[in-house]
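Only one structure is covered here, and it is reproduced in the block below.
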Amino acid sequence: MVDLVDLLDCPAGSALVSSSRNRLLSAQRALAERFLEGGDAVRLLDARCRLIDDVLRELWNELALPASLALIAVGGYGRGELYPASDVDLLILLPAEPDDTLTAQLEQLVCLLWDIGLETGHSVRTIDQCLEQAAGNITVQTSMIEARLLTGNDLLFREFSSRIKSSLDGLGFFQTKRIEQEDRHQRFGETPYSLEANCKDGPGGLRDLQLILWITQAAGYGSCWQDLEGRGFITADERRLLESSEGFLRVLRTRLHLLAGRREDRLLFEYQTALAEQLGFTATATRRASELLMQQYYRTAKSVMQISTIVLQNIGAALLPAPKEAPQPINERFQNSSEFLDVVHDEVFSETPAALLEAFLILQQQEGLHGLTARTQRALWRARTLIDDDFRKQAANRASFLALFKQGRRLTQVLRRMNQFGILGRYLPGFGRIVGQMQHDLFHAYTVDQHILQVMQRLRRFTLEEFAHEYPLCSRLISDFGEPWVLYIAALFHDIAKGRGGDHSELGAIDARQFCVDHGLAPADSEFVAWLVRRHLLMSGTAQKQDISDPGVIARFAATVGDERHLVALYLLTVADIRGTSPKVWNAWKGQLLEQLFTATRRALLSSEAPPMAAGVIARRQQEARRLMRFFALPEAVHENLWQEVDTVYFLRQSAEEIAWHARALHDRRDVNKPLVKARISPLGSGVEVMVYTRDQADLFVRVVGFFSRAGYSIVDAKIHTTRSAHALDTFMLLDVSDRGSGREMISYLEHELTERLFRQSPVDVPASGRVSRQVRHFPLSPLVSIQPLVSLEADETGKLFVLTVVAADRPGLLFVIAAQLAAHRANLHTAKISTLGERVEDTFLISGSHLEESAGRVKLETELLKQLQI
């Protein structure tokens, strides 16, 4: 036998390594070029397998390893699917335990494989060791099911294959694989609709297709789609759809590996545009090419999930037949079969198309039903095309569809099933157009259809007792609302016009009104639903961008809302909409803003008097502040010095509780020569509130922003006041960027460190630079800057005010950049509303300055800000 060390150390051995490496590189490059020209993924995967097969056999023969051994391909390589960046999984099968010499030779063989550029996953075992490891490891069992002999001892391989197959328990394998699949799906949020979906392991990806064939092989039912068709597990149409879906996913994963130059199965933003171009997708006036690609991916994944559910249910029934119990009749079309809704025969829907909606209504009504039989699912899937214009116009079908919303129970589950089967999009063509549609607005985390269903789910949770602790106010409001089904219809249409161009709220309102008229809603209900769709962004915009302590803001908002019923509905829809957008978008601070706006507006609407003017608001707040100060046993006149220093705007923008806090802090002040900084956990229950009182200075806001950013906090609200003695009295609401939990331990740090920086006039803290998110990098948002005169019902005493609005992609230090520009242009800041929506910020600042009263000064500030905000 040739000694491997001697062989590799000699010139011939070096030549072997070099020639094998060069052959692999050049051949794989040629295969990739041929694929990119023709796009045949199956041909590439097969050719790459044959290439690696040949190289491995040559090395095996060249090294003259013992004839008693067998070299076996396992896993994806054994299956014959070797993607461009996939590992080469090998099993070196031994007839017995190796001695020291053979062990050293095998170790050197593995090193040689790496030297020639093969990334291998390898194991060296006897048959008994393989069986022992497979017995407790489903992954090992799976890889060995697809074992393929490359070279070596054929008899040993046959014995291995026979013993592996005979050791498999088809039912146990099926049950374990289903659990494994459920766990895998949970890791991906049980949805294929991630904006950067995983085309291999994600729900509806290649792994779901492979899982079916692994199970059928373990159960002895076959190894390909034709075998499943032959056994009746799938129909010919389903086989063709599975094959086409598999083909699309193979092409996508192959191109993704080649683009990334490594093993990458996520459809990351940086690859989506190039993939779309390679696959021939062309941008439209309203849709990027990458969005069209991803929409096809989502629809493919949805089809895979749908058919795989049917197939696995059929296989499970074959492996573990249900007890022979006679189905319980429900009506002439449906029956209860082992607690699953079943059609009485396969042609129910073709004979009675209206049953397509009736099936879902029965699911809502029958508590004992846990789902649909595979036969019913297949029948629904095949019959979805029966829903056409004539079907939609029939009064009975319209009544059935509307009844789903009025029934309420299991509504979200039913709508998700209808969407999965393609029935919801067939009945509502507008919904069908947004299935799988991406939203590159930097804050939505789901496709449009999934976002809508998430919003529906949030609304439904408000009605359920078990979730009352999550949304106490929402739960209380919806229980008194009377007819929550109108809210569900508004939710269904609120974003249905996304991607059409134009204002989706207005276009959606037109669709919603037409739906309501077609389905026989009363005129008042029709207008109510259309109004909610048109105004669904109003409340979040008002709460997050305007000063809701201003009576004028409340009065205008109340006038737009009109009455309490519209207010309650808009509040419920707004909370559900934000909660259903992305986990990053909602926080307790936004919840508090919305609740404050709701409470103040409700009070204004229920008051029989005219909206309160400034004097009345100020008097009430001062009275409440005095009461709170007496509660802390403060002297009766403790507030007088402060109140003489501030103007009426201070009392309009601060709550009574904040006014009392400021007076108490200034009363306890120890050193009048040093700035005063006081911090506390917000009385509203979220975040840290910081008060700063110091001699006014031009760069104060820049200093404070820089310090808070360095400390790991983001400013979500700022109220800026300058007293008559030229002192700044500013209040900041902070949220912990890193979510460190309670901020109590940081209060002393914030107070001491910020005081010292302001007192010593330390250099401004420049926020640490950070990386811009990939979503922002690849789908940049053009910044918008606008400066408009303030329109208010109340006269201000601080001179002419302007509203600066900034919309931009979020990035580290963004607020610092804005603050620096305001300081550079001598703009006085009065309030700041900082609204972060995922990766998008929409900030509003109330500013003043004599040079801003001229348009040239405003244009200059806008221009400089735009230049600084470009990424």
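The numbering of the sequence shown is the numbering used here, which starts it at 756 and goes up by one.
Ideal Cβ placement from N, Cα and C applies to all residues, glycine included.
_Helix, strand or coil for ILE1475? Go by DSSP, reduced to three states._
On the sequence shown, residue 1475 is found 720 positions in, with the first residue counted as 1. In this structure, DSSP gives ILE1475 an extended state, which the three-state scheme calls strand.
_Closer than 8 Å is the cut-off here; do at least three beta carbon pairs connect the region 1273 to 1281 with the region 1181 to 1195?_
no
_Best match in ARG1133, VAL843, SER1362 for proximity to ARG994 [C-alpha to C-alpha]_ = Against the sequence shown, residue 994 aligns to sequence position 239. Residue ARG1133 is the option with its Cα nearest to ARG994.
*Residues near LEU806 by beta carbon distance below 6 Å, same chain, minus five either side*: Counting from one through the sequence shown, the residue named residue 806 turns up at place 51. Correct list, in chain order: ALA782.
_Let's see if you can read the secondary structure: which residues bound the alpha helix (DSSP H) around GLY831?_
Along the sequence shown, one-based indexing puts residue 831 at 76. Note, GLY831: alpha helix (DSSP H), 830 to 834.
*Who pairs with HIS1259 in a beta bridge, going by DSSP?*
Counted from its first residue, the sequence shown places residue 1259 at position 504. Partner(s): none; HIS1259 has no beta bridge.
*the region 1003 to 1014 contacting the region 785 to 800, beta-carbon criterion three pairs below 8 Å*: yes
*Starting from ARG1450 and walking both ways along the beta strand (DSSP E), at which residues does that stretch end?*
For the purposes of this step, residue 1450 is identified with residue 695 of the sequence shown, where counting begins at 1. Counting along the chain, the beta strand (DSSP E) containing ARG1450 begins and ends at 1443 to 1450.
*May I ask you to verify whether the region 1216 to 1229 touches the region 1293 to 1309, counting CB pairs closer than 8 Å and requiring at least 3?*
no
_According to DSSP, is ALA952 part of a helix, a strand, or is it coil?_
Within the sequence shown, the letter at position 197 stands for residue 952. DSSP, read as helix, strand or coil, puts ALA952 in coil.
_Among GLN863, VAL829, GLY872, TRP1286, whose alpha-carbon lies nearest the alpha-carbon of LEU904?_
Here residue 904 is taken as the residue at index 149 of the sequence shown, counted from 1. For LEU904, the nearest C-alpha among the options comes from VAL829.
*asked:* Need the endpoints of the beta strand (DSSP E) that LYS1588 sits in, please.
replied: Within the sequence shown, numbered from 1, the residue matching residue 1588 stands at position 833. Start and end: 1583 to 1588.
*Give the DSSP-derived three-state secondary structure of THR1553 in the structure shown.*
Reading the sequence shown from its first residue, position 798 is the one you call residue 1553. Interpretation of THR1553 is limited by its pLDDT of 46, a score under 50 that renders its predicted location unreliable; no figure is taken from the coordinates.
*asked:* Which residues does DSSP list as the beta-bridge partners of ILE1542?
replied: As a position in the sequence shown, residue 1542 is number 787, starting the count at 1. In the DSSP output, where bridge partners are listed per residue, ILE1542 has LEU1559.
_Comparing C-alpha positions only, which one of ILE900, VAL1330, ALA1285 sits nearest to GLN1212?_
As a first step, residue 1212 is located in the sequence shown; it is residue number 457 there, counting from the start. Closest by alpha carbon: VAL1330.
*If LEU818 and LEU864 are in contact, beta carbons under 8 Å, what's the gap, nearest whole angstrom?*
Residue mapping note: residue 818 aligns to position 63 of the sequence shown, counting from 1. Residue mapping note: residue 864 aligns to position 109 of the sequence shown, counting from 1. Correct: roughly 7 Å between the Cβ atoms.
*asked:* So, with DSSP's three-state summary, where would you put ARG1425?
replied: By one-based count along the sequence shown, residue 1425 stands at place 670. When secondary structure is reduced to three states using DSSP, ARG1425 falls in the coil class, being assigned neither helix nor strand.
*Going along the chain, which unbroken runs of the alpha helix (DSSP H) with 4 or more residues stay wholly within the region 1305 to 1378?*
The qualifying runs are 1306 to 1316, 1319 to 1334, 1343 to 1361.
_Please classify LYS1555 as buried or exposed, where buried requires at least 16 other C-beta atoms within 10 Å of its C-beta._
One-based indexing of the sequence shown puts residue 1555 at position 800. With fewer than 16 other Cβ atoms within 10 Å, it is exposed.
_Beta-carbon proximity list for LEU1490, same chain, < 7 Å, skipping 5 on both sides_ = For the purposes of this step, residue 1490 is taken as the residue at position 735 of the sequence shown. ASN1342, TRP1344, GLY1442, TYR1468, SER1469, VAL1471.
*Within 10 angstroms of its Cβ, does LEU1407 collect 16 or more other Cβ (buried), or is it exposed?*
Position 652 of the sequence shown, counted from the first residue, corresponds to residue 1407. The residue is buried, with at least 16 neighbouring Cβ atoms inside 10 Å.
_Quick check: the Cα distance between SER1517 and GLN1377, rounded to an integer number of angstroms?_
Here residue 1517 is taken as the residue at index 762 of the sequence shown, counted from 1. Here residue 1377 is taken as the residue at index 622 of the sequence shown, counted from 1. The straight-line gap from Cα to Cα measures roughly 37 Å.
_Please report the straight-line C-alpha distance between THR1618 and THR1041, rounded to a whole angstrom._
Walking along the sequence shown from the start, residue 1618 turns up at place 863. Walking along the sequence shown from the start, residue 1041 turns up at place 286. Rounded to the nearest angstrom, the two C-alpha atoms are 28 Å apart.
*asked:* So, for LEU1034: in the same chain, excluding its five sequence neighbours on each side, which residues have a beta-carbon less than 7 Å away from its beta-carbon?
replied: Sequence index remark: in the sequence shown, residue 1034 carries index 279 (1-based). Only LEU1048 meet the Cβ criterion.
*asked:* Let me check one thing: in DSSP terms, what residues is GLU1597 bridge-paired to?
replied: Here residue 1597 corresponds to residue number 842 of the sequence shown, with the count starting at 1. Its beta-bridge partners are VAL1562.
*Would you report the Cα separation of ALA1374 and ARG1381, rounded to the nearest angstrom?*
Here residue 1374 refers to the residue found at position 619 of the sequence shown. Here residue 1381 refers to the residue found at position 626 of the sequence shown. Whole-angstrom Cα-Cα distance: 11 Å.
*So, does the CB of TRP1416 fall closer than 8 Å to a CB anywhere in chain C?*
The structure shown has no chain C; it contains just one protein chain.
*In its own chain, which residues sit with a C-beta less than 6 Å from the C-beta of GLY1612, not counting the 5 before and 5 after it?*
As a working note, residue 1612 is residue 857 in the sequence shown. So the qualifying residues of the chain are HIS1606.
*Tell me whether ASP743 is buried or exposed, calling it buried when 16 or more other Cβ atoms sit within 10 Å of its Cβ.*
The chain is shown only over 756 to 1626; residue 743 falls outside these bounds and no answer can be derived.
*Counting only runs that start and end within the region 1169 to 1205, where is the alpha helix (DSSP H) found for 4 or more residues in a row?*
1178 to 1182, 1184 to 1188
*Identify the continuous beta strand (DSSP E) that holds GLY876 and give its terminal residues.*
Along the sequence shown, read from residue 1 onward, the residue named residue 876 stands at position 121. GLY876 -> beta strand (DSSP E) spans 875 to 881.
*Evaluate ALA851 with the Cβ neighbour count: other Cβ atoms within 10 Å of its Cβ, from every protein chain shown; 16 or more gives buried, anything less gives exposed.*
Here the question's residue 851 lines up with position 96 in the sequence shown. ALA851 comes out exposed.
_Taking the alpha-carbon of ASP1302 as reference, which of GLN1409, PRO1084, CYS866, ALA1415 has the nearest alpha-carbon?_
One-based indexing of the sequence shown puts residue 1302 at position 547. Comparing Cα-Cα distances from ASP1302 to each of GLN1409, PRO1084, CYS866, ALA1415, the minimum goes to GLN1409.
*Using alpha carbons as the reference points, say which of TYR1448, PRO1438, VAL1614 lies closest to VAL1401.*
Numbered from 1 along the sequence shown, position 646 holds the residue referred to as residue 1401. Closest option to VAL1401, Cα to Cα, is TYR1448.
*Can you pull the DSSP bridge partners for SER1469?*
Here residue 1469 refers to the residue found at position 714 of the sequence shown. Its beta-bridge partners are LEU1490.
_Whole-Å CB distance - ALA1418 paired with VAL1393, under 8 Å assumed_ = Within the sequence shown, the letter at position 663 stands for residue 1418. Within the sequence shown, the letter at position 638 stands for residue 1393. Indeed, because the Cβ distance is near 6 Å, the residues count as touching under 8 Å.
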